[in-house]
DNA sequence: CATTCTCTTTAGAATGATTATAATCTGTTG
DNA sequence: CAACAGATTATAATCATTCTAAAGAGAATG
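Residue numbers (this note's numbering), protein chains in the order written: chain A, 6 to 154; chain B, 6 to 154.
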């Protein structure tokens, strides 16, 4: 056994729960079976953009039994503690983004797919001041594209 | 009577229907009583951001009887012919903007109000190319603000 | 490790915006 | 002014999301 192995991997034979577990702990969220399962699906699969419905399906597909209500609750709680970010691009669905760093999006209007655009590479100039008495909570740039056939 | 008066104002005693009438004609939309009334409310009151519900109320308030279904239909038809623009900032409501020129928005997260930002004054650099096979249909910038108490 | 307390989960009902349906009405054209 | 295509409307239907209140499960304690 290599000493470099994660603690989590040494404790039992399962995959690294620890990363997600630690995130939940740090965020002050009680690591329940459901939150761990959803967290693993979300955070251990690279950056992704999910809807509640899709995450629910993913969970079912992975053999995890979680109610849709819990999926909604969890997505919102994760968003509240900054583990997820809500992306508003379509008035009929809410997307949640596992990438919470500064970035923007391409939105494919034909199929609803989202792609990240690194925020560090973008520069916006000429923005007016926020209205008196208000502070900017976020600047969102959405580039809507459609396939040209 | 001044020769500079609008044709519309000379034809009868009513307010300038003509402007809205012309817009409908140009767009190829049959100028029905309902579309004229909604068009007047929308286009003759300066730039505004409305929801279907609000426009419906405005119509009632103005003594115009229009069903909510027609308000929805009309808003979408107007959007299709570029008399309106849909603004996606809130996943629970759809806003329609009477300003269809190049511009962006402040979105007040506390009360849902929108304010236009002239697009000519803004410069965005560093945007990556649109994904292969796609063309950009629009770039939307939303600055989310909240009042700081 | 049993108790207890609080936080979670959940099935199912409720909500609310939006869309579909199908009958009725109204511009427009000949 | 007849007749048809397009428009309006009341109403039902959808669909994502939220609410409810009841049952379940972590965590701290003795």
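Beta carbons: idealized from backbone N, C-alpha and C, even for Gly.
Just so you know, these numbers come straight off a predicted model, no measurement behind them.
- Of the residues assessed, residue 42(A) falls on the buried side of the cut-off, its CB having 16 or more other CB atoms within 10 angstroms.
- Assignment of residue 25(B) by DSSP, reduced to helix, strand and coil, places it in the helix class.
- Counting along the chain, residue 151(A) sits inside the beta strand (DSSP E) bounded by residues 139-152.
- Its Cα nearest to that of residue 114(A), the residue 97(A) stands out among 125(A), 140(A), 97(A).
- Around residue 137(A), the same chain offers no residue with a beta carbon nearer than 7 Å, after the five sequence neighbours per side are excluded.
- For residue 140(B), the chain A residues whose C-beta falls within less than 9 Å of its own C-beta are 150, 151, 152, 153, listed in chain order.
- Residue 96(A) reaches chain B at 93, 96, 99, counting residues in chain order whose Cβ is nearer than 7 Å.
- In this structure the region 98-108 of chain B lies against the region 52-71 of chain B, because at least three pairs of beta carbons, one per stretch, are closer than 8 Å.
- Here residue 122(B) has 108, 109, 110, 111, 146, 148 as same chain residues with Cβ atoms under 8 Å from its own Cβ, once five neighbours each way along the sequence are excluded.
- For residue 52(B), no Cβ of chain A is located within less than 8 Å of the residue's own Cβ.
- Taking each of 33(B), 25(B), 153(B), 151(B) in turn and checking the Cα distance to residue 86(B), the smallest one comes out for 33(B).
- Using a Cβ-Cβ cut-off of 8 Å, residue 132(A) counts as an interface residue toward chain B, since at least one Cβ of chain B sits closer than that to its own.
- For the set 84(A), 88(A), 36(A), 126(A), the Cα lying nearest the Cα of residue 131(B) is the one of 126(A).
- With distances taken between CA atoms, residue 39(B) lies nearest to 75(B) out of 93(B), 50(B), 104(B), 75(B).
- For the region 110-134 of chain B, the residues whose beta carbon sits under 8 Å from a beta carbon of chain A are, in order, 111, 113, 114, 120, 122, 126, 127, 128, 129, 130, 131, 132, 133.
- For residue 90(A), the enclosing beta strand (DSSP E) covers residues 90-92.
- Take the alpha-carbon of residue 140(B) and the one of residue 93(A): they are about 21 Å apart.
- Excluding residues up to 5 positions away in sequence, 57 lie with their Cβ nearer than 8 Å to the Cβ of residue 77(B) in the same chain.
- Selection 73(A), 24(A), 60(A), 35(A) evaluated against residue 49(A) yields 24(A) as nearest (Cα-Cα).
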